[in-house]
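Chemist: Take a look at the following structure, please.
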Amino acid sequence: MPESVLEHVIKSYMGTDQAVYGFYWQGGEPCLAGLDFFQKAVDFQKRYARPGAVVSNAIQTNATLLTDAWAAFFARYRFLVGCSLDGPKKMHNQYRHTRTRKPTQKAVCRGLDLLQRHRVPFNTLTVVSRANVDHPRAVYQFLKQAGAYHHQYIPCTAWDSQGRLQPYAITGRQWGRFLTGIFDAWYPKDTDAVCIGNFDAVLAAKMDGMHPVCSAAKLCNRYVVIEYNGDAYPCDFFVTPAHCLGNIMKSSWETLRKSGRYTAFLRRKADINAACSTCEFLPLCWGDCLRNRLYQDNDARTLSCLCPGLKTFFTNTREGFDQLCRVITSRRLHLECTLPFTGNFKKPC
Numbered sequence: 000m001p002e003s004v005l006e007h008v009i010k011s012y013m014g015t016d017q018a019v020y021g022f023y024w025q026g027g028e029p030c031l032a033g034l035d036f037f038q039k040a041v042d043f044q045k046r047y048a049r050p051g052a053v054v055s056n057a058i059q060t061n062a063t064l065l066t067d068a069w070a071a072f073f074a075r076y077r078f079l080v081g082c083s084l085d086g087p088k089k090m091h092n093q094y095r096h097t098r099t100r101k102p103t104q105k106a107v108c109r110g111l112d113l114l115q116r117h118r119v120p121f122n123t124l125t126v127v128s129r130a131n132v133d134h135p136r137a138v139y140q141f142l143k144q145a146g147a148y149h150h151q152y153i154p155c156t157a158w159d160s161q162g163r164l165q166p167y168a169i170t171g172r173q174w175g176r177f178l179t180g181i182f183d184a185w186y187p188k189d190t191d192a193v194c195i196g197n198f199d200a201v202l203a204a205k206m207d208g209m210h211p212v213c214s215a216a217k218l219c220n221r222y223v224v225i226e227y228n229g230d231a232y233p234c235d236f237f238v239t240p241a242h243c244l245g246n247i248m249k250s251s252w253e254t255l256r257k258s259g260r261y262t263a264f265l266r267r268k269a270d271i272n273a274a275c276s277t278c279e280f281l282p283l284c285w286g287d288c289l290r291n292r293l294y295q296d297n298d299a300r301t302l303s304c305l306c307p308g309l310k311t312f313f314t315n316t317r318e319g320f321d322q323l324c325r326v327i328t329s330r331r332l333h334l335e336c337t338l339p340f341t342g343n344f345k346k347p348c
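Just so we're aligned, residue 0 is where the sequence shown starts under our numbering, counting upward by one.
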């Protein structure tokens, strides 16, 4: 991204009204842009932020290029760092290798060590593929041993031009078994020690009707993707000419988010299959991510390819999640009872 585009993106965004100005840096591999690029980004954020503005930065990296300088920078500006790590060597290195097919897992773990030494908050993003889908417990235990206590698991779904599942991708049923295996490794002994984004999303939906993960939300309106040249898109899985909202160098953020394409895209998420309308698990997934419904030019009302697995997971873990909801409710009541009370009526506890 040229510096002129970078500056305009940040300046214009900082001019909007936000509770938190969130920047999420992705690639490719964003560290290839160089440390100077991110220093400029932070400088622009400081230059154009109104007094008292809260700015949040997160970066998703494969962690192979991290150095002490990178880690010190992330620590200084409180970046949240997401690191791609798919498990033990054999599983991770099967698909994550260099152009000359050299393994990368050792370099990733070295990057994690650097982040820990500099006390940089980080989480792991694990792509679930044919390489690791049958080994959930081994993946989970490895991540814990690597010092990762914030996990996110993403299913690898992809098809060839003939509609056949790619050899590295997984089926919905495999995804359901994998998630159940992770849950069984995590519950109940690790629920206070390890944070798993996939499970947090279920608990948030059950407890408060909230959907922190966009794939489980009712609408696709969480963010806007800005490409290197300023082109804007509604989702990083739909960076295609048909979904281009315009260009931030020519249009305002308000114009982009009110565009017909943006409105049409977010509405498609809610256009669910008839079977979803009567499904008891609808409040937990809302038909799943559009990328798992629109593949091969399907209609938005197509059931997600992960639907069978999601149903299996929700069914197998129902009792555990319900127990966790009871624990959370109890803790909230206890917190309310221990807060300072200044009212004139009798404190309920």
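No residue lacks a Cβ here, since even glycine has one placed at the ideal position from N, Cα and C.
Since the structure is predicted, the reported quantities are computational estimates derived from the model, not experimental observations.
(1) Report the residue from G319, R256, G308, N291 whose alpha carbon sits nearest the alpha carbon of S350.
(2) For T341, which of helix, strand or coil comes out of DSSP?
(3) Over what stretch of residues does the alpha helix (DSSP H) that includes I9 continue unbroken?
(4) What does a CB cutoff of less than 6 Å around F22 pick up in its chain, not counting 5 residues either side in sequence?
(5) Check whether the region 276-291 and the region 196-205 are in contact - that is, three or more C-beta pairs closer than 8 Å.
(6) Tell me, to the nearest whole angstrom, how far the beta carbon of I181 is from that of P135; I am working on the premise that it is less than 8 Å.
(7) Return the CA-CA distance between R317 and F37, expressed in angstroms with no decimal places.
(8) When you compare the CB positions of F350 and V138, do they come within less than 7 Å of one another, or not?
(9) State whether the region 171-186 contacts the region 103-112, with contact taken as three or more CB pairs (one from each stretch) at a distance under 8 Å.
(10) Out of Y227, Y167, Q151, point me to the one whose CA is closest to I195's CA.
(11) To the nearest angstrom, how far is it from the Cα of N315 to the Cα of N197?
(12) Quick one: give me the first and last residue of the alpha helix (DSSP H) that W24 is part of.
(13) Give the DSSP bridge partners of T125, in chain order.
(14) Please return the same chain residues whose Cβ sits closer than 6 Å to the Cβ of L412, not counting the five positions on each side in sequence.
Modeler: Answer, in terms of the structure:
(1) Past the edges of the chain, shown from 0 to 348, lies residue 350, and the structure says nothing about it.
(2) As a first step, residue 341 must be located in the sequence shown, where it is residue number 342. Here T341 scores only 48 on pLDDT, less than 50, and its place in the model should not be relied on; the value that follows carries that caveat. Of the three classes helix, strand and coil, the one that applies to T341 here is coil, per DSSP.
(3) Translated into the one-based positions of the sequence shown, residue 9 becomes position 10. Start and end: 2-13.
(4) Reading the sequence shown from its first residue, position 23 is the one you call residue 22. Cβ neighbours of F22 beyond the five flanking positions: N56.
(5) yes
(6) For the purposes of this step, residue 181 is taken as residue 182 along the sequence shown, with counting starting at 1. For the purposes of this step, residue 135 is taken as residue 136 along the sequence shown, with counting starting at 1. Confirmed, about 5 Å.
(7) Reading the sequence shown from its first residue, position 318 is the one you call residue 317. Reading the sequence shown from its first residue, position 38 is the one you call residue 37. So the two alpha carbons sit approximately 43 Å from each other.
(8) Outside the shown range of the chain (0 to 348) lies residue 350, about which nothing can therefore be said.
(9) no
(10) The count along the sequence shown starts at 1 and reaches residue 195 at position 196. Closest option to I195, Cα to Cα, is Q151.
(11) Looking up residue 315 in the sequence shown gives position 316. Looking up residue 197 in the sequence shown gives position 198. Straight-line spacing of the CA atoms in N315 and N197 works out to 15 Å.
(12) Position 25 of the sequence shown, counting from 1, holds the residue named residue 24. Careful: W24 lies outside any alpha helix (DSSP H), inside the beta strand (DSSP E) at 20-24.
(13) For the purposes of this step, residue 125 is taken as the residue at position 126 of the sequence shown. Answer is Y152.
(14) A query on residue 412 cannot be resolved here, the shown segment of the chain reaching from 0 to 348 and no further.
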